[in-house]
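In full-length UniProt numbering, the protein residues as written are 1 to 440.
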């Protein structure tokens with residue numbers, strides 16, 4: 001274990017998407033300009049923000065929750081996509097009364113999971129200041145900041161000859177989109193991992209870092225890892241959205257998007273980079289056309305430097321990538337294409353078989369139960385995801401999207417994106433077990 005120290009042009013199809021949704025952008029721009037501009041230098045205070053769950057029992061109630069989420073600009077942590085599927089929502093203090101009145105009038109029961117998210121965030125930040133006396137390696141006792149990740153990757157590259165540190169591009173604000181390339185010989189098939197595309201999902205970069213650690217330190221010590229390195233080259237990208245990730249550490253813990261500026265709004269920043277890939281009809285399903293929404297799909301396909309960096313990195317090795325993993329949280333879901341359509345992928349049987357094996361490997365670590373299946377049926381239908389693009393455009397047959405702990409179906413004691421620091425190590429260990437089994 002290393003100790004911690006003190007492009008090609010966008011496609012024509014992408015630009016066609018601009019014309020398709022131009023009218024919507026005009027409306028979104030007018031609406032967003034009416035909002036108060038945030039003070040980006042001042043940390044967001046989540047005092048009084050509540051986390052609530054609601055379970056609809058009729059189709060009308062499902063529709064109501066969707067309508068309220070749009071009307072009140074709620075932060076949807078889990079969407080209710082069908083009857084008896086619970087929604088998990090963050091309520092700002094200014095919308096609590098109206099939301100509660102609306103759902104009560106509709107006959108819905110509301111359960112409050114957290115009455116003050118700022119307290120949970122304060123607890124998380126306190127845990128990051130101190131290392132505890134523990135057998136857990138220092139890097140996995142707390143959530144690291146962007147600069148600490150860069151330092152860690154450089155140390156691995158300096159100490160281990162089979163590890164290289166590099167950048168595959170720069171973010172909107174100019175940060176390196178860092179990568180670790182791990183190989184013992186040339187021209188092997190590639191396992192490609194992408195983590196941290198959504199800024200607030202802190203456990204995702206930690207999972208990628210743990211896999212780098214295992215492949216770096218385990219070679220010549222662990223026969224299983226030596227065999228993996230004799231079969232594959234690994235290209236691992238722990239923080240694909242570095243601007244957003246850094247921003248969650250300095251200002252807004254629950255920020256999701258990139259930090260780019262849209263041509264359609266002078267007040268609302270960023271796009272959901274995992275809605276920004278040119279696959280499926282752009283911005284058609286669960287991608288918002290409003291720059292102020294968390295799921296804003298971007299001004300056009302591949303508008304974001306971060307999604308372009310992944311695109312270009314895969315283009316450069318087209319035909320060599322055998323596995324693609326996009327790592328998120330939360331939900332305990334192991335998924336595969338398609339996301340943008342309910343039509344089964346041509347490789348459904350193969351993908352399901354690999355997923356089931358990975359599920360069992362994860363369960364053996366500490367009993368964590370994952371749900372497996374196509375993205376569109378396991379979580380929701382969505383266009384513009386990196387996994388669908390890798391599968392369809394780059395022909396990476398074995399493409400997977402992972403949602404790490406906590407569970408989507410068990411809210412008790414769970415705060416979704418705010419996974420406690422003491423859970424980092426067991427979660428990254430089970431994630432590695434699943435991926436290791438998938439590529440075996």
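Glycine residues also receive a C-beta, built at the ideal position from the N, C-alpha and C atoms. Keep in mind it's a predicted model, so treat the numbers as computed, not measured.
7 angstroms CB neighbourhood of residue i in its chain, flanking five on each side removed
| i | result |
| --- | --- |
| residue 423 | 405 |
| residue 338 | 345, 374, 375, 376 and 388 |
| residue 79 | 87 and 380 |
| residue 446 | Residue 446 cannot be examined here, being either before or after the span of the chain that is shown, 1 to 440. |
| residue 281 | 383 |
| residue 369 | 332 and 363 |
Rounded separation between residue i and residue j - CA only
| i | j | result |
| --- | --- | --- |
| residue 436 | residue 98 | 48 angstroms |
| residue 225 | residue 68 | 49 angstroms |
| residue 266 | residue 254 | 21 angstroms |
| residue 175 | residue 243 | 7 angstroms |
| residue 23 | residue 297 | Unreliable placement is indicated for residue 23, whose pLDDT of 42 sits below 50; the coordinate value is still reported in the next sentence. Cα-Cα distance, rounded: 15 angstroms. |
| residue 110 | residue 146 | 37 angstroms |
| residue 360 | residue 431 | 11 angstroms |
| residue 192 | residue 212 | 12 angstroms |
| residue 82 | residue 60 | 10 angstroms |
| residue 165 | residue 142 | 22 angstroms |
| residue 227 | residue 207 | 21 angstroms |
| residue 57 | residue 113 | 20 angstroms |
| residue 120 | residue 418 | 8 angstroms |
| residue 129 | residue 137 | 15 angstroms |
| residue 289 | residue 256 | 16 angstroms |
| residue 103 | residue 76 | 15 angstroms |
| residue 271 | residue 245 | 13 angstroms |
| residue 425 | residue 348 | 32 angstroms |
| residue 443 | residue 386 | For residue 443 there is no data in the structure shown, the boundaries of the chain being 1 and 440. |
| residue 284 | residue 342 | 14 angstroms |
| residue 215 | residue 124 | 29 angstroms |
| residue 210 | residue 108 | 42 angstroms |
The alpha helix (DSSP H) enclosing residue i, as first and last residue numbers
| i | result |
| --- | --- |
| residue 343 | Residue 343 -> no alpha helix (DSSP H), and no H or E assigned at all. |
| residue 331 | Per DSSP, residue 331 belongs to no alpha helix (DSSP H); it is in the beta strand (DSSP E), 321–331. |
| residue 453 | With the chain running from 1 to 440 in the structure shown, residue 453 is simply not present. |
| residue 432 | 424–438 |
| residue 233 | Counting along the chain, residue 233 falls outside any alpha helix (DSSP H), though it belongs to the beta strand (DSSP E) covering 233–237. |
| residue 244 | 242–250 |
| residue 187 | Premise fails: residue 187 is in no alpha helix (DSSP H) and is neither H nor E. |
| residue 386 | 386–392 |
Residue range of the beta strand (DSSP E) that includes residue i
| i | result |
| --- | --- |
| residue 518 | The chain is shown only over 1 to 440; residue 518 falls outside these bounds and no answer can be derived. |
| residue 404 | 398–407 |
| residue 179 | 176–182 |
| residue 194 | 190–195 |
| residue 54 | 50–54 |
Interface flag, residue i vs chain B, CB-CB below 8 angstroms
| i | result |
| --- | --- |
| residue 113 | Annotation note: the requested chain B is absent from the structure, which comprises a single protein chain. |
Residues that DSSP places opposite residue i in a beta bridge
| i | result |
| --- | --- |
| residue 272 | Answer by DSSP bridge pairing: none, since residue 272 is not bridged. |
| residue 336 | 374 |
| residue 441 | With the chain covering only 1 through 440, there is no way to say anything about residue 441. |
| residue 526 | With the chain covering only 1 through 440, there is no way to say anything about residue 526. |
| residue 170 | 176 |
| residue 261 | 269 |
Cβ-based neighbour list, residue i, same chain, cut-off 6 angstroms, excluding 5 preceding and 5 following
| i | result |
| --- | --- |
| residue 396 | 321, 324 and 390 |
| residue 299 | 262 and 263 |
| residue 400 | 325 and 336 |
| residue 449 | Nothing about residue 449 can be reported from this structure: the residues present for the chain run from 1 to 440 only. |
| residue 473 | Since the first and last residues shown for the chain are 1 and 440, residue 473 lies out of range. |
| residue 184 | 162 and 229 |
| residue 84 | none |
| residue 392 | 279 |
| residue 181 | 164 and 235 |
| residue 313 | 168 |
| residue 358 | 334, 434, 437 and 438 |
Residue i: CB within 7 angstroms of a non-hydrogen atom of the ligand COA
| i | result |
| --- | --- |
| residue 162 | For the ligand COA, the structure offers nothing, since it holds no ligand at all. |
What runs of the beta strand (DSSP E), each 3 residues or longer, lie entirely inside the stretch 84–159?
87–91 and 110–114
Where in the stretch 294–319 do unbroken runs of the alpha helix (DSSP H), each at least 4 residues long, occur, reported from the N-terminal end onward?
305–315
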